[in-house]
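Trainee:
2 protein chains.
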Amino acid sequence: MTATEQLELVSANKVHGGWLKRYRHRSGSLDCDMVFAIYLPPQAEQGPVPMLWWLSGLTCTDENFMQKAGAQRKAAELGIALICPDTSPRGVDLPGEDDSYDFGSGAGFYVNATREPWARHYRMYDYVTEELPALVKRHFPVDGERESISGHSMGGHGALICALKNPGRYRSVSAFAPIANPMACPWGEKAFSGYLGDDRTQWAQWDACELVKQAGNSGAARQELFVEQGENDQFLEEQLKPERLEAVCAEQDHPLILRRQPGYDHSYFFMASFIDEHLTYHAKHLL
Amino acid sequence: MTATEQLELVSANKVHGGWLKRYRHRSGSLDCDMVFAIYLPPQAEQGPVPMLWWLSGLTCTDENFMQKAGAQRKAAELGIALICPDTSPRGVDLPGEDDSYDFGSGAGFYVNATREPWARHYRMYDYVTEELPALVKRHFPVDGERESISGHSMGGHGALICALKNPGRYRSVSAFAPIANPMACPWGEKAFSGYLGDDRTQWAQWDACELVKQAGNSGAARQELFVEQGENDQFLEEQLKPERLEAVCAEQDHPLILRRQPGYDHSYFFMASFIDEHLTYHAKHLL
Chain Z
112 MTATEQLELV
122 SANKVHGGWL
132 KRYRHRSGSL
142 DCDMVFAIYL
152 PPQAEQGPVP
162 MLWWLSGLTC
172 TDENFMQKAG
182 AQRKAAELGI
192 ALICPDTSPR
202 GVDLPGEDDS
212 YDFGSGAGFY
222 VNATREPWAR
232 HYRMYDYVTE
242 ELPALVKRHF
252 PVDGERESIS
262 GHSMGGHGAL
272 ICALKNPGRY
282 RSVSAFAPIA
292 NPMACPWGEK
302 AFSGYLGDDR
312 TQWAQWDACE
322 LVKQAGNSGA
332 ARQELFVEQG
342 ENDQFLEEQL
352 KPERLEAVCA
362 EQDHPLILRR
372 QPGYDHSYFF
382 MASFIDEHLT
392 YHAKHLL
Chain A
112 MTATEQLELV
122 SANKVHGGWL
132 KRYRHRSGSL
142 DCDMVFAIYL
152 PPQAEQGPVP
162 MLWWLSGLTC
172 TDENFMQKAG
182 AQRKAAELGI
192 ALICPDTSPR
202 GVDLPGEDDS
212 YDFGSGAGFY
222 VNATREPWAR
232 HYRMYDYVTE
242 ELPALVKRHF
252 PVDGERESIS
262 GHSMGGHGAL
272 ICALKNPGRY
282 RSVSAFAPIA
292 NPMACPWGEK
302 AFSGYLGDDR
312 TQWAQWDACE
322 LVKQAGNSGA
332 ARQELFVEQG
342 ENDQFLEEQL
352 KPERLEAVCA
362 EQDHPLILRR
372 QPGYDHSYFF
382 MASFIDEHLT
392 YHAKHLL
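Residue numbers (this note's numbering), protein chains in the order written: chain Z, 112 to 398; chain A, 112 to 398.
1. Chain Z partners of residue 148/A, CB-CB under 9 angstroms?
2. In the stretch 353–369 of chain A, which residues sit with their C-beta less than 7 angstroms from some C-beta in chain Z, listed in chain order?
3. Assign residue 264/Z to one of two classes, buried (16 or more other C-beta atoms within 10 Å of its C-beta) or exposed (fewer than that).
4. Between residue 398/A and residue 189/A, is the Cβ-Cβ spacing less than 8 angstroms?
5. On the three-state DSSP scale, how would you describe residue 345/Z?
6. Can we count residue 334/A as close to the ligand SAM, meaning its CB is less than 7 angstroms from some heavy atom?
7. Check whether the Cβ atoms of residue 304/A and residue 283/A sit closer than 8 angstroms, and answer yes or no.
8. Output needed in chain order: residues of the stretch 124–140 of chain A with a Cβ under 7 angstroms from some Cβ in chain Z.
9. Compile a chain-ordered list of the residues in the stretch 144–171 of chain Z whose CB is closer than 7 angstroms to at least one CB of chain C.
10. In the DSSP assignment, what residue or residues form a beta bridge with residue 149/A?
11. DSSP on residue 279/Z, reduced to helix/strand/coil?
12. Where does the unbroken beta strand (DSSP E) through residue 329/Z begin, and where does it stop?
13. With 16 as the cutoff for other CB atoms within 10 Å, does residue 395/Z come out buried or exposed?
14. Could you check which residue in 274/Z, 234/Z, 390/Z, 169/Z has the C-alpha nearest to that of residue 290/Z?
15. Is it right to say residue 345/A is buried, meaning 16 or more other beta carbons lie within 10 angstroms of its own, or is it exposed?
16. Determine, for residue 221/Z, whether the minimum Cβ-Cβ distance to residues of chain A falls below 8 angstroms.
17. Taking residue 357/A as part of the alpha helix (DSSP H), name the residues at either end of that continuous run.
18. Of the residues 125/A, 117/A, 120/A, which one's Cα is nearest the Cα of residue 380/Z?
19. For residue 119/Z, which three-state DSSP category applies?
20. Rounded to a whole number of angstroms, what is the C-alpha to C-alpha distance between residue 372/A and residue 272/A?
21. Helix, strand or coil: which one does DSSP assign to residue 263/Z?
22. Using three-state DSSP, classify residue 234/A as helix, strand or coil.
23. Determine, using beta carbons only, whether residue 376/Z comes closer than 8 angstroms to chain A.
24. Does the stretch 215–227 of chain A come within contact of the stretch 203–220 of chain Z, defined as at least 3 CB pairs closer than 8 angstroms?
25. By the 10 Å Cβ neighbour count, where 16 or more other Cβ atoms means buried, how is residue 269/A classified, buried or exposed?
26. For residue 370/A, write down the residues that DSSP places opposite it in a beta bridge.
27. Skipping 5 residues on each side, what residues in its chain have a beta carbon closer than 8 angstroms to that of residue 226/A?
28. Please decide whether residue 179/A counts as near chain Z, where near means a Cβ-Cβ distance under 8 angstroms.
29. Could you check where the beta strand (DSSP E) with residue 164/Z kicks off and where it finishes?
30. Let's test the definition: count the other Cβ atoms within 10 Å of the Cβ of residue 262/A and tell me whether it reaches 16, buried, or not, exposed.
31. Span of the beta strand (DSSP E) holding residue 286/Z?
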């Protein structure tokens with residue numbers, strides 16, 4: 112903790128007996144000011160609670176999940192903190208940053224960019240796996256040894272790669288409608304070519320399907336992946352491609368629970384419908 | 112049902128096993144096109160289900176409650192339909208309609224305006240108590256004899272007056288942070304003088320505290336009012352004034368449950384925290 116580290120409280124709301132708070136801070140890894148949200152369940156008043164990281168999808172901020180998923184009810188019951196980072200650096204004024212919904216602002220893809228001009232700021236992987244966890248552990252009553260991770264769409268894939276790249280770090284990982292194989296879909300190709308350049312061999316370290324192929328044989332490296340997918344998801348065939356993750360997990364004998372839910376789409380209503388089951392799943396590993 | 116009555120589906124999302132649908136229709140009472148939202152729980156596939164009307168607050172549309180309150184989970188468990196009207200006529204191009212957040216668009220106050228130019232369109236009371244219920248009963252698998260009503264802030268007051276003005280109509284009524292005595296607060300004075308003119312005797316038929324005074328002695332007229340109020344609500348003292356409702360109910364021996372919740376504010380996080388208890392309360396009367 113540096114002497115100058117400051118957390119500025121942006122808002123505070125009591126929810127289900129706990130507190131949802133949003134803070135602004137200076138991010139060193141992203142070189143800009145960032146806002147994140149943390150929900151501390153009532154149990155946090157008695158002592159450290161385990162953490163569930165939530166990574167949101169394209170166009171979102173730290174707010175969408177906290178407002179729309181209804182997760183606080185079950186989190187308060189179980190005694191789990193929820194933490195939502197934003198989805199990209201903000202206000203860094205790179206050319207074209209705000210031109211499209213699926214690249215730049217709101218679309219950081221949880222990678223470390225290597226291509227200019229993005230490389231200086233777009234390091235969301237470092238931010239969500241290192242800088243922000245360290246900050247949260249310093250400032251809040253959380254148990255630094257008990258973390259799980261989940262997310263939606265771009266953030267569902269983010270959760271998968273964070274877990275796959277850090278065997279043993281997260282107690283459990285789940286994903287709602289993840290972009291399962293970004294190297295093979297328009298959203299991922301646009302993001303990876305923009306942030307990482309044209310060398311597709313560099314992309315492989317940021318793609319869940321490739322990371323499953325590269326995973327070692329330790330128990331930690333073979334961590335179960337829990338994926339929820341709506342069958343009426345408007346992005347299912349072109350962008351999400353869970354069948355590719357399913358195939359590579361089968362081929363590699365990597366544990367995967369892939370649930371396909373008839374009638375559900377890509378919206379927060381889908382997440383709201385199954386978030387309790389995911390929280391219960393994570394609780395089994397966290398509590 | 113007129114031969115020309117049309118419902119245009121705006122969106123449909125599966126949520127907790129049921130369906131949330133939004134429809135556009137031509138409103139005769141408001142003389143404009145309106146959108147409303149209805150959540151039909153899974154039980155509606157087997158037969159008619161009871162209805163809970165939800166009236167939202169200032170600046171809201173039919174969407175806020177459905178996206179942020181997390182009510183569908185419990186509604187699906189109980190088998191209750193949720194119906195959210197919009198909060199005012201839309202697109203009627205009256206001068207000044209969009210100038211402020213607390214009058215005109217998004218601020219219909221659930222009254223029938225008598226003052227020009229508002230009187231032609233701003234008849235939200237007729238819309239939410241007559242036109243829309245009749246339409247919903249014609250088109251959806253709901254039990255027309257089993258209705259309850261609730262709402263938030265401006266809509267919490269709306270729910271109270273709909274029930275008080277129609278003894279026996281609603282099986283139960285509840286309100287979150289209602290504007291309890293609009294004749295005696297800035298929001299209400301602005302709305303009532305704008306929609307109803309300067310004669311305060313006319314206002315009394317639209318004010319919950321006044322309606323409690325006017326209520327008859329029948330059991331139906333003495334229906335219990337269930338009010339939830341956050342103690343950290345930023346509008347509590349200047350606008351909401353639940354103590355006035357409490358005083359008049361005590362004076363009139365009108366049944367009131369007023370719960371004050373420490374730490375909670377005026378946001379949807381407050382509603383999300385207690386909506387399950389309100390749905391359970393209404394279910395006791397509806398099921």
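Each residue gets a CB set at the ideal place from its N, CA and C atoms; glycine is no exception.
Mentor: From the atom records:
1. Going along chain Z, no residue has its Cβ under 9 angstroms from residue 148/A, so there is no contact; the nearest lies around 12 angstroms.
2. Listed by position along the chain: nothing, the set is empty.
3. Buried, by the Cβ-count rule.
4. A contact, by the Cβ cut-off of 8 angstroms.
5. Three-state DSSP puts residue 345/Z in coil, outside helix and strand.
6. Here there are no bound small molecules, and the ligand SAM is not part of this structure.
7. Between residue 304/A and residue 283/A, the C-beta spacing is not below 8 angstroms.
8. Against chain Z - using a Cβ distance shorter than 7 angstroms - the residues of the stretch 124–140 of chain A are 124, 125, 126, 127, 131.
9. In the structure shown, chain C does not exist; the protein chains are Z and A.
10. DSSP output for residue 149/A lists 132/A, 194/A as bridge partner(s).
11. For residue 279/Z, the secondary structure class from DSSP, reduced to helix, strand or coil, is coil.
12. Annotation for residue 329/Z: no beta strand (DSSP E) segment contains it, and DSSP assigns it neither H nor E.
13. When all chains shown are included, residue 395/Z counts as exposed.
14. Of the listed residues, the one whose Cα sits closest to residue 290/Z is 169/Z.
15. It is exposed - the Cβ of residue 345/A has fewer than 16 other Cβ atoms within 10 Å.
16. Under the Cβ criterion of 8 angstroms, residue 221/Z is not counted among the residues facing chain A.
17. Counted as a single uninterrupted DSSP element, the alpha helix (DSSP H) harbouring residue 357/A occupies residues 353–363.
18. Closest option to residue 380/Z, Cα to Cα, is 125/A.
19. In the structure shown, residue 119/Z adopts extended strand secondary structure according to DSSP, grouped into three states.
20. C-alpha separation (whole angstroms): 23 angstroms.
21. Strand, per DSSP.
22. In the structure shown, residue 234/A falls within a strand segment according to DSSP collapsed to helix, strand and coil.
23. Yes, residue 376/Z lies at the interface with chain A (some Cβ there is under 8 angstroms from its Cβ).
24. Too few Cβ pairs lie closer than 8 angstroms, so no.
25. So residue 269/A counts as buried.
26. Secondary-structure assignment with DSSP links residue 370/A through a beta bridge to 339/A.
27. Counting only Cβ-Cβ distances below 8 angstroms, and skipping sequence neighbours, we find 305, 306, 307, 308.
28. Yes, residue 179/A lies at the interface with chain Z (some Cβ there is under 8 angstroms from its Cβ).
29. In the DSSP assignment, residue 164/Z falls within the beta strand (DSSP E) that extends over 160–166.
30. Buried is the call here.
31. For residue 286/Z, the uninterrupted beta strand (DSSP E) run begins and ends at 284–287, by DSSP.
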